[in-house]
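Report on the following structure.
There are 2 protein chains.
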Amino acid sequence: MKKVVFFLSVLFLSFGCEKAPISKAIKVANANELSESIANAQPGDEIVLANGVWRDVEIKFSAKGTEDWPIVLKAETEGGVFIEGVSSLELSGEYLEVEGLFFRNGHSPKSNVIAFRTSEKEVANHCSVSNCVILDFNNLNRDDDNLWVQFYGKNNTLSHCYLAGKTNGGPTVRVDLKGNQSIRNYHQIINNHFGPRPRKGGARGETIQLGSSFTSMSPSNTTIANNLFEACNGEVEIISSKTNFNIIKNNVFYKSEGSVVTRHGNYCLIDGNYFIGDGENENFGGIRIVNTGHWITNNLFYNLKGKNFRSPLAIMNGIPKSPLNRYNQVTDVVVAYNTYVNSNAPWQFGVGTNIDQADVLPKSEIRSARPLRTEVVNNVIYNEVGDPNPIIEHDKADGVTFASNIIDNNDVLFAKRDGLDSKTLSLTSIGEDLSVPLLGFEDVEIYSGFDFETITKDILGNPRSKSNQIGAFLNSETIDLDLLDKTKYGANWYSNVVEVKEPTTHSVTNEAELVSKLKAAENNDIIELKDGVFAVSESLIISKPIVIQSKGKTEIVYNGPANTPAFALHPYGKLKLKNIKLKGTNTQFAFASLKENMFNHFGLEVSDSEISHFNYALKVYKQSFAEEITFTNTSISNCENGLELSEETNDRGDYNTEYLTVNNCSFNAVKSNVIDYYRGGYDESTIGGNLLVLNSIFTNCGANEKGRMLLNHRGIVNVTISNNTFKDNNVDFVAILWGAKNNNASENSITNSGQIKTEQNLKLKLMY
Amino acid sequence: MKKVVFFLSVLFLSFGCEKAPISKAIKVANANELSESIANAQPGDEIVLANGVWRDVEIKFSAKGTEDWPIVLKAETEGGVFIEGVSSLELSGEYLEVEGLFFRNGHSPKSNVIAFRTSEKEVANHCSVSNCVILDFNNLNRDDDNLWVQFYGKNNTLSHCYLAGKTNGGPTVRVDLKGNQSIRNYHQIINNHFGPRPRKGGARGETIQLGSSFTSMSPSNTTIANNLFEACNGEVEIISSKTNFNIIKNNVFYKSEGSVVTRHGNYCLIDGNYFIGDGENENFGGIRIVNTGHWITNNLFYNLKGKNFRSPLAIMNGIPKSPLNRYNQVTDVVVAYNTYVNSNAPWQFGVGTNIDQADVLPKSEIRSARPLRTEVVNNVIYNEVGDPNPIIEHDKADGVTFASNIIDNNDVLFAKRDGLDSKTLSLTSIGEDLSVPLLGFEDVEIYSGFDFETITKDILGNPRSKSNQIGAFLNSETIDLDLLDKTKYGANWYSNVVEVKEPTTHSVTNEAELVSKLKAAENNDIIELKDGVFAVSESLIISKPIVIQSKGKTEIVYNGPANTPAFALHPYGKLKLKNIKLKGTNTQFAFASLKENMFNHFGLEVSDSEISHFNYALKVYKQSFAEEITFTNTSISNCENGLELSEETNDRGDYNTEYLTVNNCSFNAVKSNVIDYYRGGYDESTIGGNLLVLNSIFTNCGANEKGRMLLNHRGIVNVTISNNTFKDNNVDFVAILWGAKNNNASENSITNSGQIKTEQNLKLKLMY
């Protein structure tokens, strides 16, 4: 049934344009009504989706509105329409507006959830999606890449939306430029809240990508402005600008593990943004520059500790005459009027240089072309704790002009450089947890480069025309920013702020109770096992954050079928197991992910426990990912295999966990794959995989190890093996370290267990 | 002495702007006065150079005019000021205008004759050079590359100038984009006459180059409009667009041996140009396309016979993920509303493909990426003589859309293709020697691609908004173009039209007279030697076009010093020697260029003559160049060496003559270097070097030949060895042909002279 309500067009909205059409509000309750109303839609019409769940609906919103009389497709109540199941939205035509939808509990049947086209040549122009939410709308398998929002056409807008939780491969949002229908697009990505995007475990986890290397010569003119990026940790690039003339302006990057990167394309303006870290996490980055003509102005870098690729300003070395998909030389870049507060070594040059590998890599891989005609001027640095090296030259910065820069290094000596002078400054509070230098450099003569007259405003939009000064902020009476007020970003009906609930502890006395309470428990609840022995014959399903513990080291004996896990780690399943003795009958797994459909991450933290008599202590299947897997004060003994995370063999840079930590554990009589953690594929900017093996003892392990290696972490970038004892393990190698990367071993005692070897350069398949 | 004339400012020119300054006209007579007046110049001033020759003057015109009150530097009389000797002009500042100068009889001491900057950061903005001439202002040595006009800064103009005769390396005009001071420059190169630029003999002979591969990512926005390009034969590229957003509009390319090439950079608009050939010369090209987003609209291609790289429309194959200085794939190109008249195989795709060499070349050299998303639509082809293959696919054109194209092939069958339909058309005269189809396709439905609404006009500027049709021309009542009226282009005081004078014949009876008459003779005169023997002891200087002949095969015996030539070929020296017996005493050269300072080309045509007893019959030194060297009906005997043109060993693609022709000649007892003609360096787009050896006899030659080869033409692209007799020459090879290029041998008789071998791929040094 369709309700049609005629209403009088609001005439005063359309002065000076075509005669107001007779507009209708059409309420639709199912997919058929929806497509019929779209087919008949006229300029000014409003198609209203009835509240409730719309399951398995593929919306093709193809129609022609006008500038004054757009066609609107909206939820009956903002946030009251839930798009679930296997669903998607495509738009094409002109002047269409979509509002108030909530995409959740499902995934798209297409290569995108929302697409601004309905076919290759039928694209959207002047269309918008606003006030919508896409939450965890992930494909079932993480190798099944897709986009959540894919722009085509021109002059389209994504505004006031909340997008979070993408775990599968592919950027959250991508602007596509193939074809003249999609260049000079002037798309707007504004006022959105990009909520947490978990670590992807490899590449292809950008939050926004503007084009690709194949369209890197095209003018895009996309604007990304006034968005909040919160914990966008997918990969090293939060925004990957790959086309020309993009504008990234007035955004807040809050505790996001990555950088804004001008990866390809040229003449990007990065102006007035806030990059805010916590003063500790070295993964929070700033801006990384490749290519020509970018302007980085009026930005604040705050409490950032990223290094090298992730430093506040990372200017890369290029490859001379670079191939299209590699690294063009940096030229004609302007870095002016920025402020750096407590951000270590903010200016790094020649990042990515590998001239020392000129003998082992082909010439077309050597990043030896230093930045040219680049200006770093009119910037202010303040370090509460002095930084001996505010400028780091991985390669010489001889093509860079420094001028009119000021540093307060709190009396700590630093490498002097023309154009960077000391001054004593003070901080002024400009909002909660935000204090910056506003004063004390009024007398510094401003460097004026070519076209600097186009830098007309400061980070707050105040005009620089009178009483201009260096740094991102002009001095003004009172500034009270509330950058992290989340109501300013995203959908007005949705908040990602979760009230912390006190966890409930459920006492459990037998197996049946364990199964039922586990099912009934809420997120983060605690299952407390009574003392004694629990005989479990079916896998315990972990599909939420949960704690399972006991006081007296309760024993769980798992006697289920061979090659099934005692604890089955499902999507969202984050298990903390404490003080448990976990025993199998030699054929099962202690912990395992699902074999497929791991559409969301799992997690595992085992402490003060004993694991024995399993086929595998841990078996992580392909396309499963945990941000962290931790074993502490735990013994693993008498198992055929230990911790197995080695199925990500597509060599595209993927791996199964970001952090695998083994601390103060003992491994005894684990016959193969004691630790087997794999990452494949060569790509200089994938930084991930972290293995920490600390204070642990390995004895009588590796007896059946075909690879003759105890700890196999081939391709993992960060490895620390420290303060361990290896005794009587029948292998040739404890480990082989990757010398070119961050692999370290120290303070280990090795007896009758082979050796630790370093291989400088691994042969890996190129990822690009 | 300086004359200062105050005059009242013309107020009506400056309404709405600043108060009119007190402007002066300042006449200057020498360099000191000039630089003083420049130093003191104020907005509105006119600095007037006194008529006459200004020798060895380096003008630095650095000043600041205003939009309404520019500062002018002009000749007292247009064309009356001759800049000669070692001289140059540099401009920097704003709103400067240079007018009426004639650069001749000299060269620049700098890397350019006219530069729009005075130092790296002191550039010109809003400055112009107009109504000037640069003629033969060549560096002394052709390897000493330079530019004649080099643009820097922004918004500068070269207009109404005549430039011709550049022989040394380097484009005639280049726009430089390094640095933010020179991007988005909106320079104008308009209404100029680019007169003959002789064949360069290798690369680096462009008439206009817009940027370089190193700045190919930068927006240039340069306009080249309403110019006449006449015999711009320097190399395969007349205009080489290497940056973005350039406009090439309404130019006439008349009998110019080259193409307009979008070599690097993207989004070039090539609109409304006339490409006019002679229906025979295969070197007259059209438009060659590399890279992305170019629009080729409203052009006329007339009587062009160029093939492959030089075809009317050559769409190249790219290299996948090409290095910066190689070939990007063609994508998103529009070829619409063009007209082709009697231009063979006008559309060629996959030009430059070398996938058949995938086994012998590195992957980064293989041009296998075919054009994508390219549209060839709304075009008209008329062929008086039907063309069986109007479309040639060197590689598949499967990424190209053809639509709404019409061909009149005069009933000759051609390979059918969707989007190219037959129609019977007629030609309408639109001016002298110019007839095009205007009618008969009104009913063809026009294809409308993305943004096609921006094609608002036809080639003549008529609006397409009503009664639009395909092809370059809208139908209108009478069109009478006078494209070749040279008064419309270049300096208004200069014409390159030379009246043909009847040559004078000077009879000469003795050596002294020969020397004096040779000196006194005018261009193209004839020196007629009486019968008998002329004993010549000093080189005869050939420094102009001249004919030396006799009736009865007069003998010239040259007994000058060893290793000096009987005929010294100086710059401009073009000798036709007819019916002469030329003898040395075994140590001299019959003909030789200068060892250095060959700042202009020479030429040599020997017929019906006998040359004997020389060390070298012909010795061409490095950096000397002749467009043509021809021997006909001539014997060369008893010489240590024959024709030696092998000093261009820099392997940058250079060679000493465009055409070396030997027809109906005999070579006997020439001991080494019978023919030695070299070109080095690999670059797929250098097309030159032509050797023709026809109907000739070689006997008892090569006795001392170390290379064991009679005809050595290594690296020469076009070689024909045909209908010759080789007998009793003590060599292993008559010649080694380059199989991959246009080298042919046929109908030769070889006895006791080794063999002719073909080597498919020569190993050559890469030029890029």
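Going line by line, the protein sequences match chains A and E.
Under our numbering, the first residue of the first sequence carries the number 37, and numbering increases by one thereafter.
Under our numbering, the first residue of the second sequence carries the number 37, and numbering increases by one thereafter.
Glycine is no exception: its CB is placed at the ideal position from the N, C-alpha and C atoms.
All values reported here derive from a predicted model rather than from experimental measurement.
- Contact of A/PRO398 with chain E is not assigned, every C-beta pair being separated by 7 Å or more.
- Listed in chain order, the positions of the region 213 to 244 of chain A with a beta carbon within less than 8 Å of a beta carbon of chain E are LYS214, GLY215, ASN216, GLN217, ILE219.
- Taking the beta carbon of E/LYS100 as reference, no residue of chain A falls within 8 Å; the closest one sits roughly 16 Å away.
- Annotation for E/ILE792: the continuous beta strand (DSSP E) segment containing it runs 791 to 795.
- At a cut-off of 7 Å, the C-beta of E/ARG409 has a neighbouring C-beta in chain A.
- DSSP places E/ASN344 within a helical segment (H, G or I) once states are collapsed to three.
- Inclusion of A/ARG453 and A/ILE427 in the CB contact set at 7 Å is warranted, their separation being smaller than that value.
- Per the DSSP secondary-structure output, A/LYS610 pairs in a beta bridge with A/PRO581, A/GLY639.
- In the DSSP assignment, A/LEU305 falls within the beta strand (DSSP E) that extends over 305 to 307.
- Straight-line spacing of the CA atoms in A/LYS555 and A/MET803 works out to 42 Å.
- The beta carbon of A/SER404 sits no closer than 7 Å to any beta carbon of chain E.
- The three-state secondary structure of A/LYS278, taken from DSSP, is coil.
- In the three-state DSSP reduction, A/ASP392 falls in the helix class (H, G or I).
- Contact between E/LEU194 and E/VAL185 is confirmed by a C-beta separation of about 6 Å, below the 8 Å threshold.
- Measuring C-alpha to C-alpha distances from A/ALA267 to each of A/PHE281, A/PHE311, A/ASN204, A/PHE667 identifies A/PHE311 as the nearest.
- Non-local C-beta neighbours of A/SER249 in its own chain, meaning closer than 7 Å and more than five positions away in sequence, comprise LYS278, HIS300, LEU360, ASN361, ordered along the chain.
- Judged by DSSP in its simplified three-state form, E/VAL551 adopts helix.
- E/SER73: member of the alpha helix (DSSP H) spanning 67 to 75, first to last residue.
- Only residues of its own chain outside the window of five on either side were considered, and among them VAL767, ASP768, PHE769 have a CB closer than 7 Å to the CB of A/ARG744, listed in chain order.
- Judged by pairs of C-beta atoms under 8 Å, the region 533 to 549 of chain A does not touch the region 604 to 621 of chain A, as fewer than three such pairs exist.
- The beta carbon of A/PHE438 does not come within 7 Å of any beta carbon belonging to chain E, so the residue lies off that interface.
- Under the three-state reduction of DSSP output, A/ASN216 falls in the helix class.
- Cβ neighbours of A/GLY455 within its own chain (closer than 6 Å, five residues either side excluded): PHE438, ALA439, ASN441.
- Against chain E, the CB of A/THR541 has no partner CB under 7 Å away; the residue lies outside that interface.
- In the three-state reduction of the DSSP assignment, A/THR545 falls in the coil class.
- A/GLU318 is positioned such that its CB atom lies no closer than 7 Å to that of A/LYS291.
- Contacts with chain A at 7 Å (Cβ-Cβ) do not include E/SER671.
- In the three-state scheme derived from DSSP, where H, G and I count as helix and E and B as strand, E/ALA776 is classed as coil.
- With a 10 Å radius around the Cβ and a threshold of 16 neighbouring Cβ atoms, E/ASN192 comes out buried.
- Checking the DSSP bridge columns, you'll see E/ASN748 partnered with E/ASP712.
- Ranked by how close their Cα comes to the Cα of A/VAL416, the residues A/LYS399, A/VAL387, A/GLY422, A/ASN374 have A/ASN374 in first place.
- Between A/ALA99 and A/GLY129, the C-beta spacing is below 7 Å.
- Look at E/LYS589 here: in three-state DSSP terms it is strand.
- Between A/LYS399 and the set A/GLU429, A/ILE355, A/VAL370, the nearest pair of CA atoms involves A/ILE355.
- Identification of chain E residues near A/LYS742 by a Cβ-Cβ cut-off of 8 Å yields none; the smallest Cβ-Cβ distance measures about 36 Å.
- For A/ASN361, the closest Cβ of chain E is nearer than 7 Å.
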